[in-house]
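Sequential numbering of the sequence shown, starting at 1, is according to my numbering.
Quick notes on the structure that follows.
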Amino acid sequence: MTISELAGALREVNLTLERARATTRSAVPLLAESRATLVAVRRDPNGYDPVELDHAMAQLSTAGELIAAARQSILDYLLRL
C-alpha cells in the first residue's frame, strides 16, 4: 500500500467515524424523550425504570468522546504523512 492509498483509506475511516458520531448524537435526544415519557408513566407500577436509559445516554456520550478522539488521532497521523 502506498502512502497515498493509506491516506485515502484513513480519510474513509475518518468519514465513517464522523457518521458514527453523528448517529450517537442523534440518538441521545431520542433517548431523553423516551426517558421523559417513562418518568411520566412511572407512577403506574409497570416495571418501567429510566435508569437503563440514563445508562444508555451516558454510554453514547462516552462513545461520542471516544470517536472524536479517534478521529483526531487519525487526522494528526494524516498530517504527518
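Quick reminder that beta carbons are idealized off the backbone N, C-alpha and C, glycines included.
- Per DSSP, Met-57 is one residue of the alpha helix (DSSP H) stretching across 51-80.
- Exposed is the label assigned to Ile-3, since fewer than 16 other Cβ atoms lie within 10 Å of its Cβ.
- The beta carbons of Leu-60 and Ala-36 sit no closer together than 8 Å.
- If you ignore the 5 residues before and after Arg-21, its C-beta comes within less than 7 Å of the C-beta of Gly-64, Ile-67, Ala-68, all in its own chain and listed in chain order.
- Between Leu-81 and Ala-7 a beta carbon distance of about 5 Å is seen, short of the 8 Å cut, so the two are scored as contacting.
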